[in-house]
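Reminder that position 85 of the sequence shown reads as 156 in our numbering, one-by-one numbering, no gaps. We treat Cβ as the ideally placed atom computed from N, Cα and C, and that holds for glycine. Beneath this line is the structure, given in structure tokens, with notes to follow.
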Amino acid sequence: MAATVVEILSADEIRRTLTRLASEVIEKVGDLSRVVLVGIHTRGVPLAESLAAQMMALEPCDIPVGQLDITFYRDDLRAIGMRTPAKSAMPCDLTDRIVVLVDDVIYKGRTVRAALNAVGEFGRPDRIYLAVLVDRGHRQLPIHPDFTGRHLPTSSEEQVRVYLQGYDGHDAVELIRAD
Numbered sequence: 072m073a074a075t076v077v078e079i080l081s082a083d084e085i086r087r088t089l090t091r092l093a094s095e096v097i098e099k100v101g102d103l104s105r106v107v108l109v110g111i112h113t114r115g116v117p118l119a120e121s122l123a124a125q126m127m128a129l130e131p132c133d134i135p136v137g138q139l140d141i142t143f144y145r146d147d148l149r150a151i152g153m154r155t156p157a158k159s160a161m162p163c164d165l166t167d168r169i170v171v172l173v174d175d176v177i178y179k180g181r182t183v184r185a186a187l188n189a190v191g192e193f194g195r196p197d198r199i200y201l202a203v204l205v206d207r208g209h210r211q212l213p214i215h216p217d218f219t220g221r222h223l224p225t226s227s228e229e230q231v232r233v234y235l236q237g238y239d240g241h242d243a244v245e246l247i248r249a250d
């Protein structure tokens, strides 16, 4: 089946978007000494690391980054199939911290719901925010990101692919339409 691929964000646009998101997070959370960024496997992890680097460039402070695998918290394992989970790792106890969950794309909201459940294994945060690079709509759950890089209205037949240097060897966001 043929497909049309449209680049939505280039490497430079992703960099600028992360700089803007970093500024928005800094402005909203205020006290950065309590912030922990938590990337959702797979591409949320390098995004969280890049976002932390951008935040530290704007405000000299240490921003710890954790990584969260949500495999066992998903409610759709039958549909997506079993997979080998990645390792979750937190830099600290999340109790009383301000957690910013970071993911590449939000679609139906089920990944975020699973992530919210998984975060509880690492403490009880004071507050949890959600930052995403792309919001493509079509929510099935009442979940909305606090920080969004790009709103991208899509049809359910379209796909959004995110490529990140730390994982894929280059940075880009593409929209794929079946022809």
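Handout entry: Bridge-paired residues (DSSP) for Q230
Key = Sequence index remark: in the sequence shown, residue 230 carries index 159 (1-based). In the DSSP assignment, Q230 is bridged to I247.
Handout entry: Host alpha helix (DSSP H) of Y238 (start-end)
Key = For the purposes of this step, residue 238 is identified with residue 167 of the sequence shown, where counting begins at 1. Per DSSP, the unbroken alpha helix (DSSP H) holding Y238 starts and ends at 236-239.
Practice task
Assign Q138 to one of two classes, buried (16 or more other C-beta atoms within 10 Å of its C-beta) or exposed (fewer than that).
Solution key: Here residue 138 refers to the residue found at position 67 when the sequence shown is read from its first residue. Classified as buried, Q138 has 16 or more neighbouring CB atoms from the shown chains inside 10 Å of its CB.
Problem - Pairwise C-alpha distance: D206 and L103 - result: The residue you call residue 103 lines up with position 32 of the sequence shown. The residue you call residue 206 lines up with position 135 of the sequence shown. In this structure, the alpha-carbon of L103 lies about 25 Å from that of D206.
Exercise for the section: Please state whether DSSP places T225 in a helix, a strand or coil. Expected result: Against the sequence shown, residue 225 aligns to sequence position 154. Coil, per DSSP.
Practice task
Just the C-alpha distance for E84 and T155, rounded to the nearest angstrom, thanks.
Solution key: Residue mapping note: residue 84 aligns to position 13 of the sequence shown, counting from 1. Residue mapping note: residue 155 aligns to position 84 of the sequence shown, counting from 1. Their Cα atoms are separated by approximately 33 Å.
Problem - Straight-line Cα distance separating Q211 from D146 - result: Within the sequence shown, residue 146 is the residue found at index 75, counting from 1. Within the sequence shown, residue 211 is the residue found at index 140, counting from 1. Spanning the two alpha carbons is a distance of roughly 13 Å.
Problem - C-alpha distance - L108 paired with V173, whole-angstrom precision - result: The residue labelled residue 108 in the question sits at position 37 within the sequence shown. The residue labelled residue 173 in the question sits at position 102 within the sequence shown. Between L108 and V173, the C-alpha separation is close to 7 Å.
Practice task
Look up G137 in the DSSP assignment and give the residues it is bridged to.
Solution key: Taking the sequence shown and counting its residues from 1, the one referred to as residue 137 is at position 66. The partner list for G137 (beta bridge, DSSP) reads V109.
Problem - Length of the line joining the Cα atoms of D217 and L201 - result: Walking along the sequence shown from the start, residue 217 turns up at place 146. Walking along the sequence shown from the start, residue 201 turns up at place 130. D217 and L201: Cα-Cα distance of roughly 5 Å.
Handout entry: Residue burial classification, T182 (beta-carbon count within 10 angstroms, cutoff 16)
Key = By 1-based counting over the sequence shown, the position of residue 182 is 111. If you draw a 10 Å sphere on the C-beta of T182, you find 16 or more other C-beta atoms in it, and that means buried.
Problem - Beta bridge counterpart(s) of L201 as assigned by DSSP - result: Working through the sequence shown from its first residue, we reach residue 201 at position 130. Partner(s): L172.
Exercise for the section: Have a look at L235, P213, A249, L204 and flag the residue whose alpha-carbon is nearest the alpha-carbon of S226. Expected result: Here the question's residue 226 lines up with position 155 in the sequence shown. Comparing alpha carbon positions, the residue from L235, P213, A249, L204 closest to S226 is A249.
Handout entry: Assigned secondary structure, E130 (DSSP; H/G/I helix, E/B strand, else coil)
Key = One-based indexing of the sequence shown puts residue 130 at position 59. DSSP places E130 in coil when its eight states are reduced to three.
Problem - the region 120-130 in contact with the region 187-195 per 3-pair CB rule at 8 Å - result: The region 120-130 makes no contact with the region 187-195, as fewer than three CB pairs between them are under 8 Å.
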